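Numbering (my numbering), first residue to last: 2 to 226.
A virtual CB, placed ideally from N, CA and C, is assigned to each residue, including glycine.
From a predicted model like this one, the values you see are computed outputs, not experimental measurements.
Taking it in order: structure first as structure tokens, then the write-up.
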């Protein structure tokens, strides 16, 4: 399953004007990196057929259809004459009901009447000619151009772990991520002083950060092979 999200236009999502995209923020030592970029490979093992399925062949055909041209077009654009129309040049575009909804609905709110992809996973290779969500709008593309050169050279997908590693990572990730998120907010807001940084790192060590990193390294090494 593939998908990508780079940036979102406040206008298309929340009907808010007066916003422009910012470039990557520069750190105190001159470092400038935009790291909020997800892998094009959205998820592994996201499609499952259980032994209770009475028609596995039909299910696979349905999944395969979504990877094809017609299935992809229907999945992302909906239905011609209702949610999308063709321009004179043959390009697909959403109708006014979607882009300028008379009831004041945002693009995604109007679109979910015809499609199911907003907010959910799906088996598909995203193609720009069919995907017209907020990320593909001119405002979003313009914003993305500003930090294009600051994106990481290598973007990792979700790593695969062994059964034993998965069990350990579930516990470690829950504790470590919660603590890191809480402290990041405190450091940024000033509720925690950077004089507490050494204590912050020591606390992470006590939360078995080294073990977490060892598992991550092992998964990365397998990925590189």
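{"Query": "CA-to-CA distance, residue 140 to residue 159, given in whole angstroms", "Result": "29 Å"}
{"Query": "Residue 148 beta carbon less than 8 Å from that of residue 73", "Result": "no"}
{"Query": "Simplified DSSP assignment, three categories, for residue 42", "Result": "strand"}
{"Query": "Cβ-Cβ separation, residue 118 to residue 76 (assumed contact under 8 Å), whole Å", "Result": "6 Å"}
{"Query": "Sub-8 Å separation of residue 162 and residue 133 beta-carbons", "Result": "no"}
{"Query": "Local conformation of residue 241 per DSSP, three classes", "Result": "Beyond the ends of the chain as shown, which are 2 and 226, falls residue 241; an answer cannot be given."}
{"Query": "Contacting residues, own chain, Cβ-Cβ under 6 Å from residue 220 (five flanking each side not counted)", "Result": "160, 162"}
{"Query": "Residue 81 (DSSP reduced to helix, strand or coil)", "Result": "strand"}
{"Query": "Anticipated Cβ contact below 8 Å, residue 104 with residue 68, distance rounded", "Result": "No, residue 104 and residue 68 are not in contact; Cβ-Cβ is about 34 Å, not under 8 Å."}
{"Query": "Residue from 174, 78, 206 whose Cα sits closest to the Cα of residue 116", "Result": "78"}
{"Query": "Span separating the alpha-carbon of residue 186 from that of residue 201", "Result": "13 Å"}
{"Query": "Cα-Cα separation, residue 29 to residue 109", "Result": "38 Å"}
{"Query": "Residue from 144, 199, 213 whose Cα sits closest to the Cα of residue 1", "Result": "The structure shown does not extend to residue 1, since the chain is modelled only from 2 through 226, so no value can be given for it."}
{"Query": "Host alpha helix (DSSP H) of residue 94 (start-end)", "Result": "No alpha helix (DSSP H) contains residue 94, which is instead part of the beta strand (DSSP E) from 93 to 95."}
{"Query": "Nearest-angstrom Cα separation, counted from residue 143 out to residue 21", "Result": "9 Å"}
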